[in-house]
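Those protein sequence lines, which keep their order, are chains C and Z. Residues 1 to 112 (this note's numbering) make up the first sequence, in order. Residues 1001 to 1112 (this note's numbering) make up the second sequence, in order. We put the beta carbon where it would ideally sit given N, CA and C, even for glycine. Written out below as structure tokens is the structure these notes cover.
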Amino acid sequence: EAAVTQSPRNKVAVTGGKVTLSCNQTNNHNNMYWYRQDTGHGLRLIHYSYGAGSTEKGDIPDGYKASRPSQENFSLILELATPSQTSVYFCASGETGDSDYTFGSGTRLLVI
Amino acid sequence: SQLAEENPWALSVHEGESVTVNCSYKTSITALQWYRQKSGEGPAQLILIRSNEREKRNGRLRATLDTSSQSSSLSITATRCEDTAVYFCATDADQGGRALIFGTGTTVSVSP
Chain C
1 EAAVTQSPRN
11 KVAVTGGKVT
21 LSCNQTNNHN
31 NMYWYRQDTG
41 HGLRLIHYSY
51 GAGSTEKGDI
61 PDGYKASRPS
71 QENFSLILEL
81 ATPSQTSVYF
91 CASGETGDSD
101 YTFGSGTRLL
111 VI
Chain Z
1001 SQLAEENPWA
1011 LSVHEGESVT
1021 VNCSYKTSIT
1031 ALQWYRQKSG
1041 EGPAQLILIR
1051 SNEREKRNGR
1061 LRATLDTSSQ
1071 SSSLSITATR
1081 CEDTAVYFCA
1091 TDADQGGRAL
1101 IFGTGTTVSV
1111 SP
């Protein structure tokens, strides 16, 4: 069954440390996305990708980098984590025009 | 700025009753989607309705779209306790139509 898998499910990081969130999809979708979800803000787009090797900035990219080494994998990187990046992060895959998105189960990140 | 917004903020109904969530959006779209998110899970797509469609059904769910007033609604009939969730509308109005923008959601609680 096609799916989007995120790892880890939970992460505690130290302020100033590096954090990498991973996402793998088996949908063979070209597009992949990273969102964060905070109370009162819904889901906000951080970075996205059209395919292997491409990354694009979303609405709130500051403090985040992204990497798409293959069709299946899309990572979100926090080089210097801050407490304001404490949130739940969701990865999704989809196709332009079809817009049939599949979301992962989320990564809960706590930066202390 | 919020490109899509659901209302009301929260709803409570008893099993068997119907419930309607409304959505207003601010830009032209090619499609609008409704998602459901249960506690601890990622969003799951319920209905995708394209700009040339006025109504779409999926089992107990019915979505409408009025592009002239830039509004949509999602109705659930014969509600069940398992319909308890946050419901989001999302439009493809961002990043050249390549990413979804979500509202902040409506919390629907269904009690026995």
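Length of the line joining the Cα atoms of residue i and residue j
i, j, result
"Leu1065 of chain Z", "Phe1102 of chain Z", "16 angstroms"
"Asn31 of chain C", "Gln6 of chain C", "16 angstroms"
"Thr1079 of chain Z", "Thr1107 of chain Z", "14 angstroms"
"Ala147 of chain C", "Ser1111 of chain Z", "Residue 147 of chain C lies beyond the residue range present for chain C, which begins at 1 and ends at 112; the question has no answer from this structure."
"Arg9 of chain C", "Arg108 of chain C", "6 angstroms"
"Tyr33 of chain C", "Trp1034 of chain Z", "18 angstroms"
"Tyr101 of chain C", "Cys1089 of chain Z", "13 angstroms"
"Glu1055 of chain Z", "Arg44 of chain C", "27 angstroms"
"Ser105 of chain C", "Val111 of chain C", "19 angstroms"
"Thr82 of chain C", "Gly40 of chain C", "20 angstroms"
"Gly63 of chain C", "His1014 of chain Z", "44 angstroms"
"Lys18 of chain C", "Thr86 of chain C", "13 angstroms"
"Thr15 of chain C", "Ala1063 of chain Z", "44 angstroms"
"His29 of chain C", "Asp1092 of chain Z", "17 angstroms"
"Glu1082 of chain Z", "Ser1039 of chain Z", "11 angstroms"
"Pro61 of chain C", "Pro1043 of chain Z", "21 angstroms"
"Phe103 of chain C", "Glu95 of chain C", "13 angstroms"
Cβ-Cβ separation, residue j to residue i (assumed contact under 8 angstroms), whole Å
i, j, result
"Gln25 of chain C", "Val4 of chain C", "5 angstroms"
"Leu1048 of chain Z", "Leu1061 of chain Z", "About 12 angstroms; that fails the 8 angstroms criterion."
"Asn1022 of chain Z", "Ser1073 of chain Z", "5 angstroms"
"Glu1005 of chain Z", "Thr1104 of chain Z", "7 angstroms"
"Glu79 of chain C", "Lys65 of chain C", "6 angstroms"
Reduced DSSP secondary structure (H/G/I, E/B, other) of residue i
i, result
"Ser1073 of chain Z", "strand"
"Gln6 of chain C", "strand"
"Asp62 of chain C", "coil"
"Glu1005 of chain Z", "strand"
"Asp1066 of chain Z", "strand"
"Glu56 of chain C", "strand"
"Ser87 of chain C", "strand"
"Glu1055 of chain Z", "strand"
"Asp1083 of chain Z", "helix"
"Arg108 of chain C", "strand"
"Gly42 of chain C", "strand"
"Asp1092 of chain Z", "strand"
"Arg68 of chain C", "coil"
"Leu1046 of chain Z", "strand"
"Arg1060 of chain Z", "coil"
Selection from the options that minimises the alpha carbon distance to residue i
i, options, result
"Ser1012 of chain Z", "Z:Leu1032, Z:Tyr1087, Z:Asn1058, Z:Ile1049", "Z:Tyr1087"
"Asp59 of chain C", "C:Tyr48, C:Tyr89, C:Gly16, C:Thr86", "C:Tyr48"
"Ile46 of chain C", "C:Thr39, C:Tyr89, C:Ser22", "C:Tyr89"
"Asn1007 of chain Z", "Z:Thr1067, Z:Lys1038, Z:Leu1100, Z:Ser1075", "Z:Ser1075"
"Asn1052 of chain Z", "Z:Ala1004, Z:Thr1030, Z:Ser1024", "Z:Thr1030"
"Glu72 of chain C", "C:Tyr50, C:Gly16, C:Gln37, C:Tyr35", "C:Tyr50"
"Ser67 of chain C", "C:Asn28, C:Ser22, C:Gln37, C:Arg36", "C:Ser22"
"Leu1100 of chain Z", "Z:Val1021, Z:Glu1017, Z:Asn1022, Z:Thr1027", "Z:Thr1027"
"Asn1058 of chain Z", "Z:Thr1067, Z:Thr1077, Z:Ser1109, Z:Pro1043", "Z:Thr1077"
"Ala1010 of chain Z", "Z:Gly1016, Z:Ala1044, Z:Thr1020, Z:Leu1003", "Z:Thr1020"
"Ile77 of chain C", "C:Gly94, C:Gln37, C:Thr55", "C:Thr55"
"Gln1070 of chain Z", "Z:Ala1044, Z:Leu1032, Z:Gly1016", "Z:Leu1032"
"Ser93 of chain C", "C:Arg36, C:Asp38, C:Pro69, C:Phe74", "C:Phe74"
"Ser1024 of chain Z", "Z:Leu1003, Z:Arg1050, Z:Cys1081, Z:Ala1044", "Z:Leu1003"
* **Residues within the stretch 57-89 of chain C neighbouring chain D, beta-carbon criterion of under 8 angstroms** => The structure shown has no chain D; the protein chains it does contain are C and Z.
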